[in-house]
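Notes to accompany the following structure.
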Amino acid sequence: MSAAAGRGKLTVVGQSLPMLGAHDKVSGRALYVSDLKLPHMLHAKILRSPYPHARIVHIDAERARRLRGVKVVLTGADTPRPIGAIGAHKDEHILAVDKVRHVGEEVVAVAAVDENTALDALELIRVDYEELPAVFDPEEALGPGAPAVHASGNLVREIRIDRGDVDAGFASAAVVHEATYQTQPQYHAPMEPTGAVATIDASGRLTVWAAVQSIHRNQLRLADALGLPTSRVRVIQPHMGGSFGGKLGEDSTHYIAARLALACGRPVRLLNTRLEDFLGVRARMAARIRLKMGVDPAGRITAKETWIHGDNGAYCGLSPEVILVIAARLDSLYRHRNVRTLARLVYTNNPPSGAFRGFGNPQMAFALESHLDVLAEQLGMDPLELRRRNSVQPGDTTIHGWSIGSCELSKCYEETAKRIGGPLRRRPRAPADGAPVAEGRRRGIGIAVAMHVSGARQAADWDGSNVVVKLTPDGRAVIICGEGDIGQGGPTALTQIAAETLGIPPDHVTVTPADTETTPFCFGPMASRLTLVAGNAVIKAAEGARRQLLSIAGQLLEASPEDLTIAGGAIHVVGAPDRRVTIAQACTAHIFRRDGEDIFARGTYDAPSVVADRKTYLGNVSAAYSFAVQAVEVEVDVETGVVRIIRIVAADDVGTPVNPRAVEGQIHGAIAQGVGYALFEGFALENGRLLNGNLADYPVATAASMPTPETVLVDGWEPNGPFGAKGGSEAPISPTAAAIANAIYDAVGVRITSLPITPDKILRALRERGGRRDA
Amino acid sequence: MSLPRHRLTLRVNGEEQELLVESRRLLLDALRDDLGLTGTKRGCEEGVCGACTVLVDGRHVRSCLLLALQVRDRAVTTIEGLAGDGALHPIQAAFIRAGALQCGYCTPGFIMTTKALLDARAALTEAEVREALSGNICRCTGYAHIVEAILALTEDTKR
């Protein structure tokens, strides 16, 4: 059988089963990193930079070192090796060396017998800084005489793409529109702040329990940062209290815990406070996007030209990859012929940016999908129709060389339009549900579209997964897998895929904890890759285990394995249900015989994708693409500028939903984060200082912020996916902000081009356009 | 710097406990560190997120905003004490059934808030449930399945 298992009748895949570990989570038994304690464990605290840019003249930590209960104090002198999430951009250190480049940068780390002693020690440390001129705007940072954040210059990465004939495309357009959009840094706000517990054994071998998304990648980076062989570093992922990209290990937390443990020879626990989590994680990159697009009279896009300035902040993390996504990914959503892009990623003295669910797509989706609505209006065309006329189709090779496999955008459009109660073209609008609207309020509807990869081949020419399926003597299956769980429930999908392949009940399948010591190499949940990439590896391993199972059963039953089938916990001869052995008997017999062994099969899968060419950016980077269409109805109070979300319709093409309720949960959660991105989330920065580093002043969506989205999982089948499945967790975060912006425009006739769309922006725009205006 | 410790008696999940705590000790830390009841979570440290919600004499409170000494001789219920002996409380079962959790970090707090809510009122509308949950933050689920789980437990939705 091919990696993509067939389309037969599915019994386990497609069922909304409870998430693995749910019982532990609802009863308070699930252990997160902050719940872990080791004997003789020390507690760590970090002294951070108060300046956005300063030279470290001198650090006097002697009084802190002498404080009773303090066991170790480390500075940048102890952490000389450069680190970075991308090998080509190792631009930082575990603790600041010579200079600090953003407020909150880690400067000194202390480990003491308890947290209060560690905090007291921080008070005794004196750091002499010489403040340096700082720069906070990426365009200013590229200007002459701008302060150099790094000696290498402020330009981190420049991407130039020029395809087709953009000038001719604009010349042939009926309508051309140009506008600039601004997005803000968005904080992941996982309910669990980042933390790590590190310890060494008597030989100096390091074990780190870390809230990180990718244990194997973080093992490699840790070993490199600490100058240790990989085999001397073990990373274990406890339960994770949310991540959304924030715990990809771009921040220094687990490095610091590990370095302290090595320095003092005792277990060390480092837990970020909420404020430290704000300061330490790599927020969604702020981007300024100038967009110029033309459409012909039939609504076909004739040309697109884009200028992007990404605010990298002080250090890179994964932002050099994020900027490429902003620059290019959504070009594969429509049938472009002429595209020209200049994207620049620029160092500033703002907090560093990095990976966040959507990985660049939400920024560009806000700009692009707002822009398309303007073009539709100028053309006098329904905005949904404009998108329909340009959307990619199954079998397309897009302008950047992406091969579109399954693509059910048409169904997504149809379902969205049907449920939101179009037409979407702007006109005086009554509420879609016919409810009366209070005086001074206006209703509006907006739509937007986005896509996402299902795994992406980026830095290395491997986007694979390795797993092992082992059957136990009682006939149960264990998936030995290091992909891990960041809370989204990916491993639950893997158990369903294994159970479907093996023909056993899903609750007979478990997944090992993610531990570099005991699991084969893999990348972990990111880029919406787990279901497709790890799912295909699980199918291969489970097929191998099934072959071994049928082989031993054939020997026991004196039958050919081809004549056997698995059903009801047993293996029997087809047509002779009485000639049977239980799975447990077969598994046991496989071990207890001469030269016996466990039923134990490896599965490895590498996606049929390529690394995009480093110069031309051409190439099919993913095995499959997921699509999300959303429509939002809002009510805008023209007196206060407050936006209330009345309805959200979300239609998603995720191929086969392996666990529909879990997929729906991903869509709900993505939309809630998208609502926050649209309306109220964002760093308030003043000269690089974060003014709202707490969950009271940085509001995220609450249960009262939004209604339950109406979700539709359209019928689809991805040929490269396990049982037709593809990723689904990231596409639905991207369209939400533009759908809301478009709905606000529909309601009150003002186009807000910067996020978040706060009431003051709406009121100012209403004033500027000359008082209130009826829709 | 260590401070003088005070003797504290309280009842936690039906058991008498006696602790020696500094006056600055938060109830949250007394539960998690002194009693090992780590199901109660620290999220925001300032009473905004509700991850640390426990019941004190049946009322839901944020244990990060209370000093341990403030609950002297009171009855505290944490997520570990909601159901006896490995069984599931109906709220816990409803959360699992509805898929009302993902990472699970906020879940104990939501469940304790729900317990107080349903103890006070059996019948609730969706709007009332959403309002009652607005002191608990969940970053994963978008709340829809949590609301669904709670409505499934209330009486008026079945009429």
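Same order as they appear, the protein sequences are chains Y and L.
So the first sequence is residues 516 to 1290, counted in the numbering used here.
So the second sequence is residues 324 to 482, counted in the numbering used here.
Built from N, CA and C at the ideal position, the CB exists for glycine as well.
These figures come from a predicted structure and were not determined experimentally.
Under the Cβ criterion (8 Å, minimum of three pairs), the region 1141-1149 of chain Y counts as touching the region 956-973 of chain Y. At the C-beta level, Ile609/Y and Tyr770/Y come within 8 Å of one another. The beta carbon of Ile804/Y is closer than 6 Å to those of Tyr696, Ile823 and Ala882 in its chain, skipping five residues each way along the sequence. Val470/L and Ala689/Y have their C-alpha atoms some 48 Å from each other. Non-local C-beta neighbours of Cys372/L in its own chain, meaning closer than 8 Å and more than five positions away in sequence, comprise Gly366, Cys429, Gly432, Asn459 and Ile460, ordered along the chain.
DSSP places Tyr1192/Y inside the alpha helix (DSSP H), whose first and last residues are Pro1175 to Leu1194. Leaving aside the five residues that flank Asn1202/Y on each side, the residues in its chain whose CB is nearer than 8 Å to its CB run, in chain order, Pro567, Ala649 and Phe651. Cβ atoms of Ser980/Y and Leu786/Y stay farther apart than 8 Å, at about 31 Å. Under the Cβ distance rule, His383/L does not count among the residues neighbouring chain Y, no pair being separated by less than 8 Å. At least one CB of chain Y lies nearer than 8 Å to the CB of Val371/L. Around the beta carbon of Thr376/L, 16 or more other beta carbons lie within 10 angstroms, which makes this residue buried. The Cβ atoms of Pro1040/Y and Ile1001/Y lie closer than 8 Å to each other. For Arg1094/Y, the uninterrupted beta strand (DSSP E) segment begins and ends at Ala1091 to Thr1097. Secondary-structure assignment with DSSP links Thr695/Y through a beta bridge to Arg805/Y. Cβ neighbours of Asp352/L within its own chain (closer than 8 Å, five residues either side excluded): Ala391.
With respect to the 8 Å criterion, Asn864/Y and Val664/Y are classified as neighbours on the basis of their beta carbons.
Around the Cβ of Pro1250/Y, a 10 Å sphere holds 16 or more other Cβ atoms; the residue is buried. Taken through DSSP and simplified to helix, strand or coil, Cys1037/Y comes out as strand. For the pair Ala1127/Y and Gln908/Y, the Cα-to-Cα distance works out to about 21 Å.
Restricting attention to Thr856/Y, Ser969/Y, Glu638/Y and Asp1022/Y, the CA atom closest to the CA of Gln530/Y is found in Asp1022/Y. Per the coordinates, the alpha-carbon of Ala776/Y lies some 36 Å from the alpha-carbon of Val399/L. Taking a C-beta distance under 8 Å as the contact criterion, Pro659/Y and Thr714/Y do not qualify as a contact pair.
With distances taken between CA atoms, Thr788/Y lies nearest to Pro705/Y out of Pro705/Y, Val861/Y and Thr722/Y. With contact defined as three or more Cβ pairs closer than 8 Å, the region 811-822 of chain Y and the region 843-854 of chain Y are in contact. Taking CB atoms only, Thr1223/Y has a neighbour in chain L less than 8 Å away. Taking 8 Å as the cut-off, the beta carbon of Val712/Y is found no closer than this to the beta carbon of Gln752/Y. For a Cβ distance threshold of 7 Å, residue set Arg789, Asn1209 and Leu1210 of chain Y lies close to Cys367/L, ordered along the chain. Restricting attention to Leu411/L, Ala416/L, Ile434/L and Glu345/L, the CA atom closest to the CA of Thr363/L is found in Ile434/L. Residues Ala704, Gly1191 and Glu1196 of the same chain have their beta carbon placed closer than 7 Å to that of Val1215/Y, with the five preceding and five following residues left out of the count. Interface with chain L (8 Å Cβ-Cβ cutoff): His754/Y is included. Counting other Cβ atoms within 10 Å of its Cβ, Trp724/Y reaches 16 or more and is therefore classed as buried. DSSP places Glu929/Y in the uninterrupted alpha helix (DSSP H) bounded by Leu924 to Ile935. Chain order gives the chain Y residues near Pro431/L as Lys540, Val541, Ser542 and Gly543, where near means a beta carbon separation below 9 Å. At a cut-off of 8 Å, the C-beta of Arg348/L has no neighbouring C-beta in chain Y.
Contact annotation for Ala353/L against chain Y: no contact, minimum CB-CB distance about 14 Å [criterion: below 7 Å]. Less than 8 Å divides the Cβ of Thr722/Y from the Cβ of Arg749/Y.
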